[in-house]
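So the sequence shown is numbered by my numbering: it starts at 799 and just counts up by one.
For every residue, glycine included, the Cβ atom is placed at its ideal position computed from N, Cα and C.
Just below is one structure, and these are the notes that go with it.
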Amino acid sequence: MEYIRFGGGQDKVSIIGIGTWKMGRDRTAETKAIRHALDLGINLIDTAEMYGTESLVGDTIKGYEREDLFISTKVSPHHFHNDDVISACKRSLSRLGLKYIDLYYLHWPSKRIPTAETARAMERLLDEGLIRHIGISNYEVNEAKDVQAALDHSRIGAAQDEYSVVVRAIEGGILDYCRRNRMEMLAYSPVVRGTLLDKKYAPLLGKLSDIGEGYGKTPVQVALNWLMCKGTIPIPKASSAAHVEEDAEAAAFRLSKRHVDEIDTVSDKYQKRQLGGAARGLLKHSSIWSRLMTKANERPAAKH
Ligand SMILES: NC(=O)c1ccc[n+]([C@@H]2O[C@H](COP(=O)([O-])OP(=O)(O)OC[C@H]3O[C@@H](n4cnc5c(N)ncnc54)[C@H](OP(=O)(O)O)[C@@H]3O)[C@@H](O)[C@H]2O)c1
């Protein structure tokens, strides 16, 4: 496995992580899958207070060396008031069984609670050593700038946004902001929420498959590697050993610039059907966005 130094600092992070949204249905299989990922060298596990998977992650990482792991979780916008951020973080720490969180994200922007208040609380967590890095998720550039301006003596370390060969709305926006500000970008839904292999993406899949043949890699591995070539860290959710292995192996090669460009060209055709910059910005400032995010992040029904 290849690693980077997070934000150019000391923390070592694998160039691919594992997501846990919608886990909690079969804890035995999921625990096994996450441990398999850890044993293959993936050290970044992504969760959120809203996913209901922090205790699964906490149970799974028992027995692993703390400093070998990089655990990220997220505070939900209804906890963005000062004291709520602090207590939400402490609850997350307790569920995770940790003394500190490596990367603590604001899950998505709040239109109700002043950014300055939330930023103060996040900095207090940093100062008290309960978190090591501040992250933002689903923030536009202007919103990221507001958070950064509200921070007194720290920098935002990372952003997390949807990014895949099918959804590239962050290009020219928050992705460029991250590059300019030495922030990491974590790409969520990198396998298009498990739909990348659907027939509707046939032309794109054909290209991924053709290119993959030359490297001995599958279309999913090519799609994940494309995200790494863009300088982002994909965090696919995988709950079987086979998927974990396929995803981890995506880090074991590097696409040529020519192949990245060829994928861009085919993938461009899908972008017209996605919400672009201005429309996405408008949607985010409406209450529909908050409802969509809450719905999208709802805790799945547990099986056990
Ligand atoms: N910040 C946010 O607002 C936000 C929003 C969404 C997601 N996220 C984070 O990003 C993570 C990943 O995103 P996601 O779960 O939405 O979507 P995703 O990773 O694009 O897709 C997950 C689906 O892809 C399947 N899969 C994984 N590897 C595969 C492979 N090699 N071949 C075929 N299928 C494969 C998984 O199947 P199996 O489970 O059966 O293995 C699962 O059904 C989440 O788990 C979460 O941690 C964050």
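Placement of the Cβ of G992 at a distance of less than 7 Å from at least one heavy atom of ligand 1 is found.
In the structure shown, the three-state DSSP call for T818 is coil.
A straight-line Cα-Cα distance of about 42 Å links E1047 and E915. The nearest non-hydrogen atom of ligand 1 is less than 7 Å from the C-beta of H1041. By the CB criterion at 8 Å, E1043 and L867 fall outside the cutoff.
Short note on Y1013: C-beta not closer than 7 Å to any heavy atom of ligand 1. Shown here, I954 sits in a strand according to DSSP, grouped into three states. Taking C-alpha positions only, V873 is separated from D944 by approximately 18 Å. Taking the CA atoms as reference points, I814 sits about 29 Å from A919.
Taking C-alpha positions only, E969 is separated from E938 by approximately 11 Å.
Counting along the chain, the unbroken beta strand (DSSP E) around M983 starts and ends at E982 to Y986. Sixteen is the threshold: when 16 or more other Cβ atoms of the shown chains lie within 10 Å of the Cβ of Q1019, as they do, the residue is buried. Residue environment: H951 is assigned as exposed (fewer than 16 neighbouring CB atoms within 10 Å of its CB, all protein chains considered). Annotation for P1017: L994, L995, L1003, L1006, S1007 and G1010 place their beta carbon closer than 8 Å to its own, counting only its chain and skipping 5 residues before and after. H905 has its Cβ nearer than 7 Å to a heavy atom of ligand 1. Around the beta carbon of Q808, fewer than 16 other beta carbons sit within 10 angstroms, so the residue counts as exposed. Ranked by how close their Cα comes to the Cα of V990, the residues V964, L928, P1001 and F878 have V964 in first place. Proximity of the beta carbon of A919 to ligand 1 is not indicated: no heavy atom of the ligand is located closer than 7 Å.
DSSP, read as helix, strand or coil, puts K997 in helix. For V939, the three-state secondary structure derived from DSSP is helix. Here Y1013 has F1051 as same chain residues with Cβ atoms under 6 Å from its own Cβ, once five neighbours each way along the sequence are excluded.
Proximity of the beta carbon of K998 to ligand 1 is not indicated: no heavy atom of the ligand is located closer than 7 Å. With a threshold of 7 Å, the Cβ atom of W819 counts as near ligand 1, since some heavy atom of the ligand is closer than that. Residue pairing from DSSP leaves L838 without any beta-bridge partner. Here the C-alpha atom of R977 lies approximately 23 Å from the C-alpha atom of L924.
Nearest in C-alpha terms to I954, of all of E960, S962 and I929, is I929. In the DSSP assignment, Y975 falls within the alpha helix (DSSP H) that extends over I972 to R978.
Less than 8 Å separates the beta-carbon of P907 from that of E941. If you draw a straight line from the Cα of A917 to the Cα of Y986, it is about 23 Å long. The three-state reading of DSSP puts G933 in strand, counting E and B together. By the CB criterion at 8 Å, T829 and T845 fall outside the cutoff. By the C-beta density criterion, D959 is buried, having at least 16 other C-beta atoms within 10 angstroms. DSSP, reduced to helix, strand and coil, places E865 within a helical segment of the structure shown.
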